[in-house]
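Here is the structure we will look at.
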(Lines of atoms letter the chains of each structure in order from A; the text may use other names.)
(Lines give C-alpha, C1' and ligand atoms only; values in the text may rest on other atoms or scores of the structure.)
Protein backbone atom coordinates (compact mmCIF):
# COMPACT_ATOMS: atom_id res chain seq x y z
CA UNK A 120 0.00 0.00 0.00
CA UNK A 121 1.42 3.37 -1.04
CA UNK A 122 1.72 6.50 1.06
CA UNK A 123 -1.38 8.19 -0.34
CA UNK A 124 -3.42 5.00 0.03
CA UNK A 125 -2.36 4.69 3.69
CA UNK A 126 -3.46 8.25 4.42
CA UNK A 127 -6.78 7.77 2.61
CA UNK A 128 -7.31 4.58 4.60
CA UNK A 129 -6.64 6.43 7.87
CA UNK A 130 -9.05 9.21 6.91
CA UNK A 131 -11.71 6.72 5.87
CA UNK A 132 -11.40 4.62 9.03
CA UNK A 133 -11.42 7.68 11.29
CA UNK A 134 -14.54 8.93 9.50
CA UNK A 135 -16.19 5.54 10.03
CA UNK A 136 -15.24 5.69 13.70
CA UNK A 137 -16.91 9.09 14.12
CA UNK A 138 -20.06 7.93 12.33
CA UNK A 139 -20.18 4.79 14.48
CA UNK A 140 -19.71 6.87 17.63
CA UNK A 141 -21.57 10.05 16.77
CA UNK A 142 -21.45 11.15 20.41
CA UNK A 143 -17.83 12.15 19.77
CA UNK A 144 -19.15 15.19 17.90
CA UNK A 145 -20.87 16.36 21.07
CA UNK A 146 -17.61 16.27 23.01
CA UNK A 147 -15.82 18.00 20.12
CA UNK A 148 -18.34 20.86 20.14
CA UNK A 149 -18.15 21.18 23.92
CA UNK A 150 -14.34 21.20 23.86
CA UNK A 151 -14.18 23.78 21.07
CA UNK A 152 -16.24 26.30 23.03
CA UNK A 153 -14.51 25.62 26.35
CA UNK A 154 -11.43 27.67 25.50
CA UNK A 155 -13.19 30.93 24.55
CA UNK A 156 -15.62 30.62 27.47
CA UNK A 157 -12.85 30.09 30.03
CA UNK A 158 -10.55 32.80 28.67
CA UNK A 159 -13.28 35.40 28.17
CA UNK A 160 -14.93 34.46 31.45
CA UNK A 161 -11.69 34.65 33.40
CA UNK A 162 -10.95 38.07 31.93
CA UNK A 163 -14.47 39.48 32.03
CA UNK A 164 -15.80 38.30 35.41
CA UNK A 165 -13.47 40.58 37.41
CA UNK A 166 -14.59 43.50 35.23
CA UNK A 167 -18.28 42.68 35.86
CA UNK A 168 -17.65 42.34 39.59
CA UNK A 169 -15.80 45.66 39.63
CA UNK A 170 -18.60 47.40 37.74
CA UNK A 171 -21.32 45.87 39.93
CA UNK A 172 -19.63 47.19 43.06
CA UNK A 173 -19.85 50.69 41.61
CA UNK A 174 -16.11 51.31 41.54
CA UNK A 175 -14.43 53.72 39.17
CA UNK A 176 -14.68 52.34 35.63
CA UNK A 177 -14.29 54.41 32.48
CA UNK A 178 -13.84 52.02 29.51
CA UNK A 179 -13.93 54.93 27.06
CA UNK A 180 -10.49 56.03 28.27
CA UNK A 181 -9.02 52.91 26.68
CA UNK A 182 -9.62 54.47 23.26
CA UNK A 183 -9.16 58.16 24.05
CA UNK A 184 -6.32 58.07 26.59
CA UNK A 185 -4.81 54.57 27.11
CA UNK A 186 -2.21 55.82 29.59
CA UNK A 187 -4.90 57.35 31.81
CA UNK A 188 -6.93 54.13 31.57
CA UNK A 189 -3.96 52.04 32.75
CA UNK A 190 -3.14 54.43 35.60
CA UNK A 191 -6.75 54.66 36.74
CA UNK A 192 -7.58 50.96 36.48
CA UNK A 193 -4.36 49.29 37.66
CA UNK A 194 -6.03 47.02 40.21
CA UNK A 195 -8.78 46.05 37.78
CA UNK A 196 -6.19 45.16 35.14
CA UNK A 197 -4.31 42.95 37.61
CA UNK A 198 -7.54 41.19 38.55
CA UNK A 199 -8.39 40.62 34.90
CA UNK A 200 -4.91 39.25 34.18
CA UNK A 201 -5.20 36.91 37.16
CA UNK A 202 -8.63 35.74 35.99
CA UNK A 203 -7.29 35.22 32.50
CA UNK A 204 -4.43 33.11 33.87
CA UNK A 205 -6.84 30.98 35.91
CA UNK A 206 -9.06 30.47 32.86
CA UNK A 207 -6.05 29.51 30.74
CA UNK A 208 -4.81 27.04 33.38
CA UNK A 209 -8.22 25.35 33.53
CA UNK A 210 -8.32 25.20 29.73
CA UNK A 211 -4.92 23.46 29.64
CA UNK A 212 -6.27 20.81 32.02
CA UNK A 213 -9.34 20.34 29.81
CA UNK A 214 -7.13 20.11 26.71
CA UNK A 215 -4.88 17.44 28.25
CA UNK A 216 -7.90 15.41 29.39
CA UNK A 217 -9.69 15.73 26.04
CA UNK A 218 -6.67 14.76 23.96
CA UNK A 219 -6.03 11.71 26.13
CA UNK A 220 -9.68 10.66 26.14
CA UNK A 221 -10.03 11.01 22.37
CA UNK A 222 -6.80 9.10 21.76
CA UNK A 223 -7.99 6.28 24.01
CA UNK A 224 -11.40 6.07 22.35
CA UNK A 225 -9.82 5.86 18.89
CA UNK A 226 -7.43 3.15 20.09
CA UNK A 227 -10.40 1.16 21.41
CA UNK A 228 -12.44 1.53 18.23
CA UNK A 229 -9.69 0.77 15.72
CA UNK A 230 -8.29 -2.74 15.35
CA UNK A 231 -4.95 -2.89 13.45
CA UNK A 232 -5.16 -4.71 10.14
CA UNK A 233 -8.96 -4.67 9.99
CA UNK A 234 -11.28 -2.49 7.95
CA UNK A 235 -13.87 -0.16 9.40
CA UNK A 236 -14.25 0.80 13.04
CA UNK A 237 -16.14 -0.49 16.05
CA UNK A 238 -18.55 1.09 18.49
CA UNK A 239 -17.19 2.37 21.80
CA UNK A 240 -19.28 2.99 24.90
CA UNK A 241 -19.52 6.70 25.65
CA UNK A 242 -18.44 6.13 29.26
CA UNK A 243 -15.05 4.99 27.97
CA UNK A 244 -14.35 8.63 27.15
CA UNK A 245 -14.13 9.40 30.87
CA UNK A 246 -12.15 6.30 31.77
CA UNK A 247 -9.65 6.80 28.95
CA UNK A 248 -9.24 10.47 29.78
CA UNK A 249 -8.57 9.68 33.43
CA UNK A 250 -6.17 6.85 32.61
CA UNK A 251 -4.15 8.87 30.09
CA UNK A 252 -4.18 12.23 31.87
CA UNK A 253 -0.77 11.65 33.47
CA UNK A 254 0.73 10.55 30.14
CA UNK A 255 -0.87 13.51 28.41
CA UNK A 256 0.57 15.97 30.92
CA UNK A 257 4.04 14.37 30.83
CA UNK A 258 4.36 14.24 27.05
CA UNK A 259 2.94 17.76 26.66
CA UNK A 260 5.40 19.15 29.21
CA UNK A 261 8.41 17.59 27.50
CA UNK A 262 7.24 18.47 23.99
CA UNK A 263 6.68 22.09 25.03
CA UNK A 264 10.44 22.44 25.56
CA UNK A 265 10.89 22.41 21.77
CA UNK A 266 9.68 26.00 21.15
CA UNK A 267 11.28 27.25 24.39
CA UNK A 268 14.57 28.48 22.89
CA UNK A 269 13.07 30.51 20.00
CA UNK A 270 10.41 31.75 22.41
CA UNK A 271 13.06 33.11 24.79
CA UNK A 272 14.87 34.73 21.86
CA UNK A 273 11.60 36.33 20.75
CA UNK A 274 11.05 37.67 24.27
CA UNK A 275 14.55 39.17 24.25
CA UNK A 276 13.99 40.98 20.93
CA UNK A 277 10.58 42.25 22.03
CA UNK A 278 12.12 43.54 25.27
CA UNK A 279 14.74 45.43 23.28
CA UNK A 280 12.03 46.97 21.12
CA UNK A 281 9.99 47.95 24.16
CA UNK A 282 12.78 49.52 26.23
CA UNK A 283 15.49 50.67 23.81
CA UNK A 284 13.65 51.92 20.73
CA UNK A 285 11.87 54.88 22.43
CA UNK A 286 15.26 56.16 23.64
CA UNK A 287 16.78 55.72 20.17
CA UNK A 288 13.93 57.59 18.51
CA UNK A 289 14.08 60.35 21.12
CA UNK A 290 17.83 60.62 20.53
CA UNK A 291 17.29 61.42 16.87
CA UNK A 292 18.35 58.09 15.38
CA UNK A 293 14.78 57.32 14.28
CA UNK A 294 14.06 54.22 12.24
CA UNK A 295 17.56 54.03 10.73
CA UNK A 296 19.10 52.71 13.93
CA UNK A 297 20.92 49.37 13.43
CA UNK A 298 19.59 48.24 16.81
CA UNK A 299 16.02 48.84 15.65
CA UNK A 300 16.55 47.05 12.32
CA UNK A 301 18.23 44.05 13.94
CA UNK A 302 15.60 43.87 16.69
CA UNK A 303 12.68 43.96 14.25
CA UNK A 304 14.28 41.36 11.95
CA UNK A 305 15.15 39.16 14.92
CA UNK A 306 11.63 39.44 16.34
CA UNK A 307 10.09 38.45 13.00
CA UNK A 308 12.43 35.47 12.50
CA UNK A 309 12.18 34.17 16.06
CA UNK A 310 8.41 34.75 16.01
CA UNK A 311 8.05 32.55 12.94
CA UNK A 312 10.35 29.93 14.48
CA UNK A 313 8.33 29.96 17.69
CA UNK A 314 5.08 29.40 15.81
CA UNK A 315 6.61 26.64 13.65
CA UNK A 316 8.29 24.78 16.52
CA UNK A 317 5.16 25.18 18.64
CA UNK A 318 3.06 23.55 15.94
CA UNK A 319 5.64 20.76 15.52
CA UNK A 320 5.69 20.25 19.28
CA UNK A 321 1.90 19.82 19.34
CA UNK A 322 2.10 17.31 16.47
CA UNK A 323 4.88 15.45 18.31
CA UNK A 324 2.80 15.44 21.48
CA UNK A 325 -0.19 13.92 19.69
CA UNK A 326 1.86 11.10 18.15
CA UNK A 327 3.56 10.51 21.51
CA UNK A 328 0.19 10.31 23.23
CA UNK A 329 -0.88 7.68 20.69
CA UNK A 330 2.32 5.74 21.45
CA UNK A 331 1.66 6.00 25.18
CA UNK A 332 -1.86 4.59 24.77
CA UNK A 333 -1.14 1.89 22.19
CA UNK A 334 2.28 0.69 23.38
CA UNK A 335 2.10 1.62 27.07
CA UNK A 336 5.18 3.89 26.99
CA UNK A 337 6.06 6.41 29.68
CA UNK A 338 6.24 10.09 28.73
CA UNK A 339 9.91 10.12 27.70
CA UNK A 340 9.65 6.75 25.97
CA UNK A 341 6.49 7.83 24.14
CA UNK A 342 8.23 10.92 22.75
CA UNK A 343 11.16 8.76 21.67
CA UNK A 344 8.80 6.29 20.02
CA UNK A 345 7.03 9.12 18.20
CA UNK A 346 10.40 10.47 17.03
CA UNK A 347 11.38 7.03 15.67
CA UNK A 348 8.02 6.90 13.90
CA UNK A 349 8.81 10.29 12.33
CA UNK A 350 12.25 9.23 11.14
CA UNK A 351 11.17 5.84 9.80
CA UNK A 352 7.91 7.07 8.24
CA UNK A 353 8.86 10.67 7.49
CA UNK A 354 7.32 10.59 4.00
CA UNK A 355 4.04 9.37 5.44
CA UNK A 356 4.04 12.07 8.13
CA UNK A 357 4.90 14.88 5.69
CA UNK A 358 2.18 13.85 3.23
CA UNK A 359 -0.30 13.54 6.09
CA UNK A 360 0.52 17.09 7.24
CA UNK A 361 0.06 18.34 3.67
CA UNK A 362 -3.28 16.52 3.53
CA UNK A 363 -4.31 18.21 6.79
CA UNK A 364 -3.49 21.64 5.33
CA UNK A 365 -5.31 20.85 2.08
CA UNK A 366 -8.43 19.62 3.87
CA UNK A 367 -8.34 22.70 6.07
CA UNK A 368 -8.32 24.96 3.01
CA UNK A 369 -11.14 22.95 1.43
CA UNK A 370 -13.19 23.28 4.61
CA UNK A 371 -12.58 27.03 4.63
CA UNK A 372 -13.47 27.18 0.93
CA UNK A 373 -16.93 25.76 1.63
CA UNK A 374 -17.91 28.36 4.23
CA UNK A 375 -15.94 31.39 2.98
CA UNK A 376 -18.21 32.12 -0.03
CA UNK A 377 -21.15 32.59 2.32
CA UNK A 378 -19.48 34.99 4.74
CA UNK A 379 -17.35 36.86 2.19
CA UNK A 380 -19.88 36.79 -0.63
CA UNK A 381 -22.56 38.09 1.69
CA UNK A 382 -20.71 41.42 1.96
CA UNK A 383 -20.91 41.96 -1.81
CA UNK A 384 -24.48 40.68 -2.14
CA UNK A 385 -25.66 43.16 0.51
CA UNK A 386 -25.00 46.02 -1.94
CA UNK A 387 -28.00 44.99 -4.07
CA UNK A 388 -29.94 42.76 -1.66
CA UNK A 389 -29.43 43.44 2.02
CA UNK A 390 -31.67 40.57 3.28
CA UNK A 391 -29.95 38.00 1.05
CA UNK A 392 -26.49 39.23 2.01
CA UNK A 393 -27.36 39.12 5.69
CA UNK A 394 -28.79 35.61 5.30
CA UNK A 395 -25.58 34.42 3.60
CA UNK A 396 -23.46 35.82 6.41
CA UNK A 397 -25.72 34.30 9.05
CA UNK A 398 -25.37 30.89 7.36
CA UNK A 399 -21.61 31.27 6.80
CA UNK A 400 -20.62 31.79 10.44
CA UNK A 401 -22.17 28.62 11.95
CA UNK A 402 -21.32 26.59 8.85
CA UNK A 403 -17.65 27.53 9.20
CA UNK A 404 -17.71 26.71 12.91
CA UNK A 405 -19.35 23.30 12.37
CA UNK A 406 -16.97 22.36 9.55
CA UNK A 407 -13.95 23.51 11.56
CA UNK A 408 -14.94 21.48 14.61
CA UNK A 409 -15.65 18.38 12.52
CA UNK A 410 -12.37 18.70 10.60
CA UNK A 411 -10.42 19.07 13.83
CA UNK A 412 -12.03 15.92 15.25
CA UNK A 413 -11.63 13.98 12.01
CA UNK A 414 -7.95 14.81 11.55
CA UNK A 415 -7.12 14.12 15.20
CA UNK A 416 -8.72 10.67 14.91
CA UNK A 417 -6.95 10.09 11.58
CA UNK A 418 -3.58 10.87 13.19
CA UNK A 419 -4.11 8.19 15.84
CA UNK A 420 -5.33 5.71 13.21
CA UNK A 421 -2.27 6.49 11.07
CA UNK A 422 0.01 5.62 13.98
CA UNK A 423 -1.89 2.44 14.87
CA UNK A 424 -1.91 1.09 11.31
CA UNK A 425 1.71 1.97 10.46
CA UNK A 426 3.70 1.60 13.66
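Numbering (the working numbering), first residue to last: 120 to 426.
A virtual CB, placed ideally from N, CA and C, is assigned to each residue, including glycine.
Computed from a predicted structure; not experimentally measured.
C-alpha distance - residue i paired with residue j, whole-angstrom precision
i: residue 214; j: residue 297; result: 43 Å
i: residue 330; j: residue 361; result: 22 Å
i: residue 411; j: residue 352; result: 23 Å
i: residue 132; j: residue 367; result: 19 Å
i: residue 327; j: residue 191; result: 48 Å
i: residue 355; j: residue 236; result: 22 Å
i: residue 142; j: residue 370; result: 22 Å
i: residue 261; j: residue 185; result: 39 Å
i: residue 230; j: residue 276; result: 49 Å
i: residue 348; j: residue 227; result: 21 Å
i: residue 307; j: residue 256; result: 30 Å
i: residue 312; j: residue 271; result: 11 Å
i: residue 269; j: residue 314; result: 9 Å
i: residue 188; j: residue 282; result: 21 Å
i: residue 121; j: residue 417; result: 17 Å
i: residue 421; j: residue 301; result: 43 Å
i: residue 211; j: residue 397; result: 31 Å
i: residue 247; j: residue 394; result: 42 Å
i: residue 169; j: residue 320; result: 39 Å
i: residue 173; j: residue 363; result: 50 Å
i: residue 242; j: residue 373; result: 34 Å
i: residue 343; j: residue 350; result: 11 Å
i: residue 341; j: residue 193; result: 45 Å
i: residue 180; j: residue 130; result: 51 Å
i: residue 426; j: residue 325; result: 14 Å
For residue i, three-class secondary structure by DSSP
i: residue 234; result: coil
i: residue 254; result: helix
i: residue 139; result: helix
i: residue 240; result: coil
i: residue 229; result: coil
i: residue 337; result: coil
i: residue 266; result: coil
i: residue 367; result: helix
i: residue 426; result: coil
i: residue 352; result: coil
i: residue 121; result: coil
8 Å CB neighbourhood of residue i in its chain, flanking five on each side removed
i: residue 375; result: 399, 403
Contacting residues, own chain, Cβ-Cβ under 6 Å from residue i (five flanking each side not counted)
i: residue 310; result: 273
i: residue 317; result: 266
i: residue 139; result: 236, 238
i: residue 305; result: 276
Which listed residue (the options) has its alpha carbon closest to that of residue i
i: residue 333; options: 167, 129, 419; result: 419
i: residue 337; options: 304, 317, 322, 254; result: 254
i: residue 427; options: 425, 423, 406, 121; result: Residue numbering for the chain in the displayed model covers 120 to 426; residue 427 lies beyond these limits and cannot be assessed.
i: residue 167; options: 141, 204, 196; result: 196
i: residue 150; options: 425, 409, 227; result: 409
i: residue 204; options: 164, 365, 364; result: 164
i: residue 153; options: 339, 172, 216, 185; result: 216
i: residue 162; options: 342, 198, 226, 246; result: 198
i: residue 365; options: 414, 208, 390; result: 414
i: residue 127; options: 359, 179, 250; result: 359
i: residue 323; options: 335, 397, 263, 302; result: 263
i: residue 258; options: 278, 346, 130; result: 346
i: residue 200; options: 209, 357, 158; result: 158
i: residue 249; options: 240, 234, 218; result: 218
i: residue 209; options: 178, 155, 344, 242; result: 155
i: residue 252; options: 240, 222, 279; result: 222
i: residue 303; options: 280, 325, 320; result: 280
i: residue 136; options: 182, 234, 357; result: 234
Chain-order list of residues whose beta-carbon lies under 7 Å from that of residue i (same chain, five-residue window excluded)
i: residue 244; result: 146, 220, 224
i: residue 160; result: 206
i: residue 202; result: 161, 162, 164, 165
i: residue 148; result: 408
i: residue 339; result: 261
Practice task
Return the chain-ordered ranges of every alpha helix (DSSP H) run that is complete within the segment 151-209 and spans a minimum of 4 residues.
Solution key: Taking 4 residues as the minimum length, the alpha helix (DSSP H) runs contained wholly in the segment 151-209 are 180-183, 185-191, in order along the chain.
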